[in-house]
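Note that the sequence shown covers residues 290 to 568 in UniProt numbering.
Quick reminder that beta carbons are idealized off the backbone N, C-alpha and C, glycines included.
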Amino acid sequence: SRRAAGNGYRCFTAGMNAALVRRINIEAALHEAVANAEFRVCYQPIVRLSDNRPAGGEALVRWDSASLGRVRPDEFIEAAENNGTIVDIGRTVLQRATAACARWRAEIDPALRISVNVSPQQFLVPDFVATVTRALAAAGLPASALEIEVTETVLLHESATVNQTLTKLSNLGVRLALDDFGTGYACLSYLYDHPFHTLKIDKTFVQDSMTNATARKLVQASLRMAQELGLDVVAEGVETEEQRAFLRDLGCDYGQGFLFARPLPATDFPGDAGAGAVA
Ligand code: C2E
Ligand code: CA
Ligand code: CA
Ligand code: CA
Numbered sequence: 290s291r292r293a294a295g296n297g298y299r300c301f302t303a304g305m306n307a308a309l310v311r312r313i314n315i316e317a318a319l320h321e322a323v324a325n326a327e328f329r330v331c332y333q334p335i336v337r338l339s340d341n342r343p344a345g346g347e348a349l350v351r352w353d354s355a356s357l358g359r360v361r362p363d364e365f366i367e368a369a370e371n372n373g374t375i376v377d378i379g380r381t382v383l384q385r386a387t388a389a390c391a392r393w394r395a396e397i398d399p400a401l402r403i404s405v406n407v408s409p410q411q412f413l414v415p416d417f418v419a420t421v422t423r424a425l426a427a428a429g430l431p432a433s434a435l436e437i438e439v440t441e442t443v444l445l446h447e448s449a450t451v452n453q454t455l456t457k458l459s460n461l462g463v464r465l466a467l468d469d470f471g472t473g474y475a476c477l478s479y480l481y482d483h484p485f486h487t488l489k490i491d492k493t494f495v496q497d498s499m500t501n502a503t504a505r506k507l508v509q510a511s512l513r514m515a516q517e518l519g520l521d522v523v524a525e526g527v528e529t530e531e532q533r534a535f536l537r538d539l540g541c542d543y544g545q546g547f548l549f550a551r552p553l554p555a556t557d558f559p560g561d562a563g564a565g566a567v568a
């Protein structure tokens with residue numbers, strides 16, 4: 290009836306307004322959050338599947354907002370990209386992450402590496418390479434200890450700036466990882482065009498490959514291709530023993546996921562392989 294349709298419309302509008310208001314609130318609060326340093330960084334171990342020892346960690350930003358409470362990265366990264374605050378947030382993450390890695394190398398294992406997610410907007414700022422160089426120097430970390438993770442969206446910009454920046458970073462010795470592999474498109478040509486060192490297979494494929502033959506074949510094919518190209522492979526979202534065994538039997542180098550450890554504060558990074566890494 291008209292009446293029911295009317296109610297449905299009002300509910301839908303109310304729901305849309307709530308989502309919109311949340312987004313506007315997030316974008317507004319981000320500016321203050323930068324000024325008030327409301328961000329923390331957690332680190333999730335990336336584990337060598339052959340011996341279960343951490344080879345490094347991925348820095349994952351956390352935001353406890355004074356006005357909004359805990360906001361998940363899935364909710365605020367895009368907003369931060371839209372309003373430009375990602376440039377400040379990303380710089381802070383890079384500085385903290387390189388410093389944390391330098392401490393782990395002194396205290397735990399001198400070969401540990403740090404992986405940092407970088408948004409396209411950060412690449413388009415002209416001094417990004419200088420920001421990276423300064424962060425490495427301040428931490429006393431060699432470039433080879435840093436891996437920068439990008440998704441295909443950064444390559445969609447296909448601008449001279451992005452290409453030059455990736456090449457400059459690679460020439461400095463910084464490693465480059467293609468994140469969320471399998472979720473975008475034209476990913477194969479990107480691997481030929483840019484100096485990547487690492488492929489991160491998206492967690493949906495890792496998880497689906499236990500029940501879905503097509504997902505399993507995609508993981509196998511990605512691994513074979515990466516091995517041919519001389520790339521390291523990290524399987525994301527490893528949650529079960531079964532997934533770990535499947536990946537290790539295929540010759541996958543590294544795994545990351547709740548099976549090994551959740552994202553942790555820097556000071557909780559596992560120093561002891563057996564006990565610490567496998568939580
Ligand atoms: P991502 O780069 O793909 O990071 C991996 C995400 O998967 C993280 O979510 C991590 O907590 C989650 N994860 C790890 N292991 C498992 C598992 O076994 N199962 C499941 N279901 N999930 C797992 P998180 O921390 O919520 O981050 C979400 C996304 O936000 C990241 O996805 C990344 O795209 C973005 N992000 C996080 N920190 C930063 C940052 O500092 N800068 C930028 N630009 N983006 C960031
Ligand atoms: Ca990532
Ligand atoms: Ca990922
Ligand atoms: Ca992701």
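For Ile397, the three-state secondary structure derived from DSSP is coil. It is roughly 16 Å from the alpha-carbon of Asp416 to the alpha-carbon of Val463. Annotation for Arg380: Thr420 place their beta carbon closer than 7 Å to its own, counting only its chain and skipping 5 residues before and after.
Distance from the CA of Pro552 to the CA of Pro334, rounded to the nearest whole angstrom, comes to 7 Å. When Cβ pairs closer than 8 Å are counted between the two stretches, the segment 405-414 is seen to touch the segment 363-375, the count reaching three or more.
One thing to note: Lys489 has its Cβ no nearer than 7 Å to the Cβ of Ala515. In the three-state reduction of the DSSP assignment, Ser433 falls in the helix class, which pools H, G and I. Residue pairing of Phe328 in beta bridges, as defined by DSSP: Trp352.
Around the beta carbon of Ser511, 16 or more other beta carbons lie within 10 angstroms, which makes this residue buried. About 6 Å separates the beta carbons of Leu425 and Thr387, which is inside the 8 Å limit, making them a contact pair. In the DSSP assignment, Val439 is bridged to Leu467. In this chain, Arg533 is not harboured by any beta strand (DSSP E); it is covered by the alpha helix (DSSP H) spanning Glu530 to Asp538. The beta carbon of Glu438 sits closer than 6 Å to at least one heavy atom of ligand 2.
The beta carbon of Arg337 is closer than 8 Å to those of Pro343, Ala344, Asp542 and Tyr543 in its chain, skipping five residues each way along the sequence. In the three-state reduction of the DSSP assignment, Pro362 falls in the helix class, which pools H, G and I.
Within the same chain, and ignoring the five residues on either side of Leu455 in sequence, the residues whose Cβ sits closer than 7 Å to its Cβ are Leu465, His483 and Pro484. Taking one beta carbon from each stretch, the segment 349-359 and the segment 522-530 have fewer than 3 pairs nearer than 8 Å; the two do not touch.
The alpha-carbon of Cys390 is positioned some 8 Å away from that of Gly346. Distances from the alpha-carbon of Ile315 to those of Ser339, Arg329, Asp340 and Glu370 put Glu370 closest.
With a beta-carbon spacing of about 7 Å, Ala434 and Arg394 fall inside the 8 Å limit used to define contacts.
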